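Residues are numbered in this note's numbering as their position in the sequence shown, beginning at 1, plus a constant of 9. We treat Cβ as the ideally placed atom computed from N, Cα and C, and that holds for glycine. None of these values were measured; they are calculated from a predicted model.
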Amino acid sequence: MNGANVVGQTLDDKYRIESELGKGGMGTVYLATHVGTERPVAVKVIAPQFMQQLEFVERFKREARAAGRLRHPNVVNVTDFGFTDTTDGNVAYLVMEYLDGCTLGEILEEEGKLPLSWTLDILEQVCSAVQEAHEQGIIHRDLKPDNIWLEPNQRGGYTVKVLDFGIAKLEEHMQDAAEHLLDISIAPSFQTRPTVADGLNGETIAENQNSTAISEAATIAQSPGTDLEAGTLIQSSEIDLESGTAIFPANQTQTENGGTRLDSKPIATGKPLLKTVSTKELTRVGAVLGTPLYMSPEQCRGGKLTAQSDIYSLGVIAYQMLSGKTPFGGDYLDVMKAHREMAPPPLEIKKVRKKVKRVINSALAKSVENRPPTAQAFAAELRAESEGITALFRRALVIYSEHLPKFLGLAILLYSPVAILTILQLVIGTLALSEAISDLTKNILNGLITLFSTFFGIFCGYLVFGTTTWLVTQILAVPLRPVSLRPALEATGKRWKTFAGTGMLSAILTILGYALCLVPGLIFSVIWALVAPVVMMENLRGFAALKRSKQLVMRSLRTTMAAVFIIFFVPLLASGLIAFLANAAAKSFASDAEKVAAVRQEVTEDMKNGEDENPELRVAKDKGLKINIDGKQVKVSDAEEPQDIGGRIRVTVREALTQILLFPMSVLIGSFSSIVVALLYLKTRQVGGESMQDLLAQFEEAAQPRTNWQRRVHKRLEQAGRITSKSQSLNP
């Protein structure tokens, strides 16, 4: 190693070097102390021989600025960089936050594979960091377990940090694609050499597979040490590698007890494969290939890399975390050929849903177009497909319990028309009981109220489901903003006509489906279960909303069918149970005469089934009825005689009890069911690769800062360039 040994020195009078942490392709990483604040930092000192190359110095400045531009909780924070004189000459250095913890590679080396829940949590954080980099035009190009760091967060969990964006390619959005592509087929042949096998400390290689360190020129396996950079060597030869991908042999490989470390010594590769370039074309100099086990097909072919190349690497990491091995192994040329041509072996994991395996396979697609569109979409799709109906209801219960007053208050408010009609029905029953109105008038009024109750029940139900979707989306997408009903109700007020029209359209068609044939009604109930969220969040109406609901449902049909059965048909069973209990309660207060009438009815039915009719049991309709029961005669009023006041009271009480019990049950079940439907809507969007970011525009008007502290936070975000004055911050 020709790198500088700066232990004990102070760089730029600011960073006192304490000890060496590890070696990488471009230099050495040290533990240092910031003299001014006494804060520990990690300092990467670039090997002095690179400082003789003007191209490298300019490239280093650009990459340092690019890394410093990435402000994200899951990206290692780069705080400073510069150039200084040491006892070994002038060197460049890069200052980063010092991290506790270990790499994902070290964990996989001991654990083999990880549970699905842990895998999803790690991948979600990694994808969040990669997404931020992609949005800023940065492609990592060397994603692997050794570049993923898990740092304890002092709360019993961990924070994932993505390392080594220093070797990433900084895309210039306004720059044309590179003119020269280098195919792997024109690279000189060289002998295959194994690296560290599985089971040794250091590099993580699955199933005793051979790996080849590949870099901008070459990466050399060397003495033990923690490879914090996990990076790649910059080759001194002036080769136009940025336009494509070039592969060079490692000069030497040494397997040691401690594993593999990376040497910064440049390796002679013979004649340049492509023409030399000037310093002005540094965006095309020094392309980085990464590690063959995690390289995308286009990376193995030497093609132009895009964000989907990182997504392929994420798919390989997900595959390894769940199965304990990478999709392909063996000699590195065989590995790269497999990445280009072979389909990955099926994931043989019993406790992982097939839909999750399908998402991972989509990330490993050979064609860029068939992969998830973004890293965030890949993580969201994995999470959505990992959750079945049980997880959906569990999440709904958590949200419901945390915000119970809000959801109950919303349901009571929006169901208030139904409550008013219920009260009117009870009043009409009381008036009929007191003979203030006739039975005919009572029946007509009850019929009208039932008709209006049906209409308002459907309309209010759609309002509840739509407004709840707004609230649930806000809770999940903007968790720091206090939950408020006013913005949601304002949005609902703007769409009430659409809710009424589209809701009645789907309801009428569903009812006709049940009337004509049971099966169409069941089908319509399922495929149009997400109409209310679609109207609310996507502002669609009519048949367009029905079509969109069907599109979303088909992405997760079984889960939707189970949810519809539970949230629609279980309440029907509960309603029948309540009606039965109310009827039983009313009968328990029946008079003796009514009890005898019930017995008479039973005896009459028995006589009809007998051969002869007992003359003593003949009915005298004009004078009453005499029946013989156990030798005793009992006179019972004829059924056509006016019912006594007690019987009419009991009928009215039974109806009142049924209505009084049904309304609270409808509110409770309706408010909870609306959360399930909202989560189902978000799940089906994520399954289709649609990010929740697309929904955030719905909150722009509601997201205007309303308090002084929110305005100050918003102003600071504008000053930092995190948002613009036109793009409002959704997090307070």
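- Distance between L342 and N156, taken at the CA atoms: about 22 Å.
- Residue environment: V169 is assigned as buried (16 or more neighbouring CB atoms within 10 Å of its CB, all protein chains considered).
- I26: member of the beta strand (DSSP E) spanning 24-32, first to last residue.
- In the DSSP secondary-structure assignment, W158 is bridged to T112, K170.
- Boundaries of the beta strand (DSSP E) harbouring E106: 98-106, taken from the DSSP string.
- Under the 10 Å beta carbon count, N162 is surrounded by fewer than 16 other beta carbons and is classified as exposed.
- When only Cα atoms are considered, G510 and P414 end up about 30 Å apart.
- The count of Cβ pairs closer than 8 Å, one atom from the segment 56-74 and one from the segment 39-48, stays below three, leaving the stretches out of contact.
- Distances from the alpha-carbon of G31 to those of Y107, K70, A76 put Y107 closest.
- With respect to the 7 Å criterion, K692 and A497 are not classified as neighbours on the basis of their beta carbons.
- Contact between the segment 374-387 and the segment 123-140 is present: 3 or more CB-CB pairs across the two stretches fall below 8 Å.
- For I55, the uninterrupted beta strand (DSSP E) segment begins and ends at 48-55.
- Nearest to V85 by alpha-carbon distance, out of F92, T93, A76, G91, is A76.
- L704 and A400 have their C-alpha atoms some 23 Å from each other.
- Contact between T88 and V100 is ruled out by a C-beta separation of about 18 Å, above the 8 Å threshold.
- Between F465 and the set A516, L356, R80, the nearest pair of CA atoms involves A516.
- Within 10 angstroms of the beta-carbon of K724 lie fewer than 16 other beta-carbons, which makes it exposed.
- The segment 299-309 and the segment 319-339 touch, with three or more beta-carbon pairs separated by less than 8 Å.
- Taking 7 Å as the cut-off, the beta carbon of L521 is found no closer than this to the beta carbon of W537.
- Every alpha helix (DSSP H) of 4 residues or more that sits fully in the segment 315-369 is shown, in chain order, as 316-332, 341-350.
- A73 and V685 have their C-alpha atoms spaced approximately 46 Å apart.
- Listed in chain order, the non-local C-beta contacts of Y328 below 6 Å within the same chain comprise P336, I369, local neighbours out to five positions each way being set aside.
- Under the criterion of beta carbons closer than 8 Å, L331 and K122 qualify as touching, at roughly 6 Å.
- Per DSSP, the continuous beta strand (DSSP E) segment holding F90 begins and ends at 87-95.
- Around the beta-carbon of K23, 16 or more other beta-carbon atoms lie within 10 Å, marking it buried.
- Collapsing the DSSP output to three states places I484 in a helix.
- Pairing A374 with R380 gives a Cβ-Cβ distance under 7 Å.
- H43 carries a strand assignment under DSSP once its states are collapsed to helix, strand and coil.
- From the listed residues S376, G698, F589, the smallest Cα separation to L671 is found for F589.
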